[in-house]
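Working notes, beginning with the structure itself.
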Amino acid sequence: MTDTTAAAGAPGTTAKGGRAAQLAHTGLRHGWTTGACATAATTAAYTALLTGDFPDPVTITLPKGQRPAFALAAEELAAGHAMAAIVKDAGDDPDVTHGALIRVTVRLLPPGSGVVFRAGPGVGTVTRPGLPLPVGEPAINPVPRRLMTEHVAEVAARHGGTGDVEIKVSVDHGEEIARSTWNPRLGILGGLSILGTTGVVVPYSCSAWIDSIRRGVDVARAAGRRHVAGCTGSTSEKVAVAVHGLPEDALLDMGDFAGAVLKYIRRHPVDRLTIAGGFAKLSKLAAGHLDLHSSRSQVDKGFLAELARHAGADEALAAEVASANTGLDALQRCAARGVPLGDLVAATARDEALAVLRGAPVAVDVLCVDRAGTIVGRAESRGPGRG
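Listed below in structure tokens is the structure:
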């Protein structure tokens, strides 16, 4: 993961339409991405270069028309360059970048130079193909680049500048924070990414995690990987590596987002997908859930009881499964009677995954593991149209 959430909006700013109503109903604060923060800092710094004064707060316009205002946390004006900084507030969504200081230094360039982006301390550099930016570029994503370029042009038109500038984005302690993100695995080294497509992130939408899954698929494909593994956590990831010998850039940190993996691979297929995860989580996939988080789907023990019957359980055991305390409890009761519930869950999860893939040329196999990393269920590779 890189930038999972956004900060709380300034007073008087809201998300539009139904999203605003949803946030009001839940009481959760939305906020702004690192890309929005960098755009605001860029606008303030370039304005100061041309006028001698920093607008504080500084207002920007986002792609969907919102006009948030950001207070400056730091500013510096010198001959030929200016720096403005903004603290990112992650609002009510958990985010490793909460409280990070986003600094932008803007330098004047000769006419005709255009807008040049640089990675300062704490912002990563792209080192692998498959991302939306070429190798060697600062990890400042396309939409934030466009937003910053547009705001530079607006400031230039308003205050008589040429719009030819170098924009260097930095994040205090960004390299340390990035160790808790997907960036190292994606080949983004040296710090965080500057992200955002709308500038607004809804609490608990986990949009950046899903975006990181997509970038992980892109990187794997660009590296020529034809077999990838979507894993719910570190234990299942170790099992997938041990079983299949997959390299790091073929591993997708799927977490709870099975649907995100399957839908993106449906559009961008690989030859083979291994799904590896805890038994309880994959029982949810077997039951047709694509979001495996405990707050959004539950282990259906009645469903497990029906599967147990298909695997040979008598009615007494099926009743025990239906009333089991947990999915693991149900699995253990079946294992003690020689009923392969784990294998049937894996096979059913595989078939659900193939249904979501809708005939895409991808073979799927499934590994169910327990907390100790023992394989408790397995379904061999199967593709569309094959038994």
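First residue of the sequence shown? That's 1 in the numbering used here, and the numbers climb one at a time after it. C-beta atoms are modelled at their ideal positions from N, C-alpha and C, and glycine is treated no differently.
Rounding to the nearest angstrom, what Cα-Cα distance links E175 and G120 in this structure?
For the purposes of this step, residue 175 is identified with residue 175 of the sequence shown, where counting begins at 1. For the purposes of this step, residue 120 is identified with residue 120 of the sequence shown, where counting begins at 1. If you take the alpha carbons of E175 and G120, they lie about 11 Å apart.
Could you tell me the distance, in whole angstroms, from the CA atom of G190 to the CA atom of K168?
Residue 190 sits at position 190 when you count from the first residue of the sequence shown. Residue 168 sits at position 168 when you count from the first residue of the sequence shown. Those two C-alpha atoms are separated by around 14 Å.
Would you give the residue range spanned by the beta strand (DSSP E) that I167 belongs to?
Taking the sequence shown and counting its residues from 1, one reaches residue 167 at position 167. Counting along the chain, the beta strand (DSSP E) containing I167 begins and ends at V165 to V171.
When the Cα of C37 is compared with those of D291, R158 and H98, which residue comes out closest?
If you number the sequence shown from 1, residue 37 lands on position 37. Ranking the options by Cα distance to C37, first place goes to H98.
Could you give the DSSP three-state label for G383: helix, strand or coil?
As a position in the sequence shown, residue 383 is number 383, starting the count at 1. In this structure, G383 counts as coil in the three-state DSSP scheme.
Report buried or exposed for V369, applying the criterion of at least 16 other Cβ atoms within 10 angstroms of its Cβ.
Your numbering for residue 369 matches position 369 in the sequence shown. Buried, since its Cβ has 16 or more Cβ neighbours within 10 Å.
Between the stretch 61 to 76 and the stretch 106 to 118, do three or more beta carbon pairs fall short of 8 Å?
Segments in contact, no.
Determine whether the beta carbon atoms of A178 and I188 lie at a separation below 9 Å.
If you number the sequence shown from 1, residue 178 lands on position 178. If you number the sequence shown from 1, residue 188 lands on position 188. Closer than 9 Å, so yes.
Between the stretch 44 to 53 and the stretch 73 to 82, do three or more beta carbon pairs fall short of 8 Å?
Result yes; three or more Cβ-Cβ pairs closer than 8 Å.
Round the Cβ separation of L273 and G230 to the nearest angstrom and send it over; I've been treating them as touching at under 8 Å.
Along the sequence shown, one-based indexing puts residue 273 at 273. Along the sequence shown, one-based indexing puts residue 230 at 230. Correct: roughly 7 Å between the Cβ atoms.
Which residues mark the beginning and the end of the alpha helix (DSSP H) in which V106 is found?
Position 106 of the sequence shown holds residue 106. First-last for V106: L101 to L108, but that is the beta strand (DSSP E), not the alpha helix (DSSP H).
Would you call the stretch 255 to 264 and the stretch 210 to 224 touching, i.e. three or more CB-CB distances under 8 Å?
Yes, the stretch 255 to 264 touches the stretch 210 to 224.
Among A346, A360 and P142, which has the Cα closest to the Cα of L384?
Stepping through the sequence shown from its first residue, residue 384 is reached at position 384. At residue 384 the sequence reads Pro, which differs from the Leu that was named. Closest by alpha carbon: A360.
If you reduce the DSSP assignment to three classes, tell me which class E137 lands in.
Here residue 137 is taken as the residue at index 137 of the sequence shown, counted from 1. Of the three classes helix, strand and coil, the one that applies to E137 here is coil, per DSSP.
Anyone know if the C-beta pair for L192 and V171 falls short of 9 Å?
Within the sequence shown, numbered from 1, the residue matching residue 192 stands at position 192. Within the sequence shown, numbered from 1, the residue matching residue 171 stands at position 171. Contact flag set, yes.
Would H173 and A74 be called neighbours here (beta carbons separated by less than 9 Å)?
Working through the sequence shown from its first residue, we reach residue 173 at position 173. Working through the sequence shown from its first residue, we reach residue 74 at position 74. No.
Give me the residue from E137, L290, L292 and R226 with the minimum Cα distance to F117.
Locating residue 117 in the sequence shown gives position 117, counting from the first residue. The shortest Cα separation from F117 among E137, L290, L292 and R226 belongs to E137.
For A139 and V115, which I take to be in contact (beta-carbon distance under 8 Å), what is that distance rounded to the nearest angstrom?
Counted from its first residue, the sequence shown places residue 139 at position 139. Counted from its first residue, the sequence shown places residue 115 at position 115. Not confirmed; about 17 Å, so no contact.
Count the CB pairs spanning the stretch 229 to 248 and the stretch 369 to 382 that are closer than 8 Å, and state whether there are at least three.
The stretch 229 to 248 is in contact with the stretch 369 to 382.
Does DSSP classify I60 as helix, strand or coil?
Taking the first residue of the sequence shown as 1, we reach residue 60 at position 60. Correct three-state label for I60: coil.
By the three-class DSSP mapping on this structure, what secondary structure does V339 have?
Walking along the sequence shown from the start, residue 339 turns up at place 339. Three-state result, V339: coil.
To the nearest whole angstrom, what separates the beta carbons of E320 and R309, a pair I think is in contact under 8 Å?
If you number the sequence shown from 1, residue 320 lands on position 320. If you number the sequence shown from 1, residue 309 lands on position 309. Contact flag wrong, Cβ pair sits at about 12 Å.
Following a CB-centred definition, is F117 positioned closer than 8 Å to any heavy atom of the ligand FMN?
This structure simply doesn't include the ligand FMN, nor any ligand for that matter.
When you compare only the Cα positions, how much space is there between Q22 and G31?
For the purposes of this step, residue 22 is taken as residue 22 along the sequence shown, with counting starting at 1. For the purposes of this step, residue 31 is taken as residue 31 along the sequence shown, with counting starting at 1. For Q22, the predicted structure reports a pLDDT of 36, less than 50, and the residue's modelled location is therefore unreliable. A value from the coordinates is still provided. If you take the alpha carbons of Q22 and G31, they lie about 14 Å apart.
Which whole-angstrom value is the C-beta distance of G130 and A222, which I expect to be below 8 Å?
By 1-based counting over the sequence shown, the position of residue 130 is 130. By 1-based counting over the sequence shown, the position of residue 222 is 222. Confirmed, Cβ separation roughly 3 Å.
Quick one: using the 10 Å Cβ neighbour count with 16 as the cut-off for buried, is T26 buried or exposed?
Counting from 1 along the sequence shown, the entry for residue 26 is found at position 26. Unreliable positioning characterises T26 in this predicted model, as indicated by a pLDDT of 43, which lies under 50. A coordinate reading is not provided.
Going by DSSP in three states, A363 sits in which element: helix, strand or coil?
In the sequence shown, the residue the question calls residue 363 occupies position 363. Three-state result, A363: strand.
Given that a residue counts as buried once 16 or more other Cβ atoms are within 10 Å of its Cβ, and exposed if not, what is G373?
On the sequence shown, position 373 is the one that residue 373 refers to. It counts as exposed.
Could you tell me the boundaries of the alpha helix (DSSP H) in which M254 lies?
As a working note, residue 254 is residue 254 in the sequence shown. Per DSSP, M254 belongs to no alpha helix (DSSP H) and is neither H nor E.
With 9 Å as the threshold, decide whether the Cβ of R179 is near any Cβ in chain D.
Absent from the structure is chain D; it holds one protein chain and no more.
Taking H227 as part of the beta strand (DSSP E), name the residues at either end of that continuous run.
Taking the sequence shown and counting its residues from 1, the one referred to as residue 227 is at position 227. Looking at the DSSP string, the run of the beta strand (DSSP E) that includes H227 is H227 to C231.
Around the Cβ of S207, are there at least 16 other Cβ atoms within 10 angstroms (buried) or fewer (exposed)?
Translated into positions along the sequence shown, residue 207 becomes position 207. Answer is buried; the Cβ neighbour count reaches 16.
Which residue from N183, R145 and S180 puts its Cα closest to that of E166?
Working through the sequence shown from its first residue, we reach residue 166 at position 166. Here the closest residue by C-alpha is R145.
Short of 7 Å in beta carbon distance, which residues of its chain neighbour T198, apart from the five on each side in sequence? Order them along the chain.
Within the sequence shown, the letter at position 198 stands for residue 198. If we look at T198 and ignore the five residues flanking it on each side, its Cβ neighbours are L62, P63 and K64.
What residue does the beta strand (DSSP E) around V87 start on, and which one ends it?
For the purposes of this step, residue 87 is taken as the residue at position 87 of the sequence shown. Note, V87: beta strand (DSSP E), H81 to V87.
On the three-state DSSP scale, how would you describe D370?
As a first step, residue 370 must be located in the sequence shown, where it is residue number 370. In this structure, D370 counts as coil in the three-state DSSP scheme.
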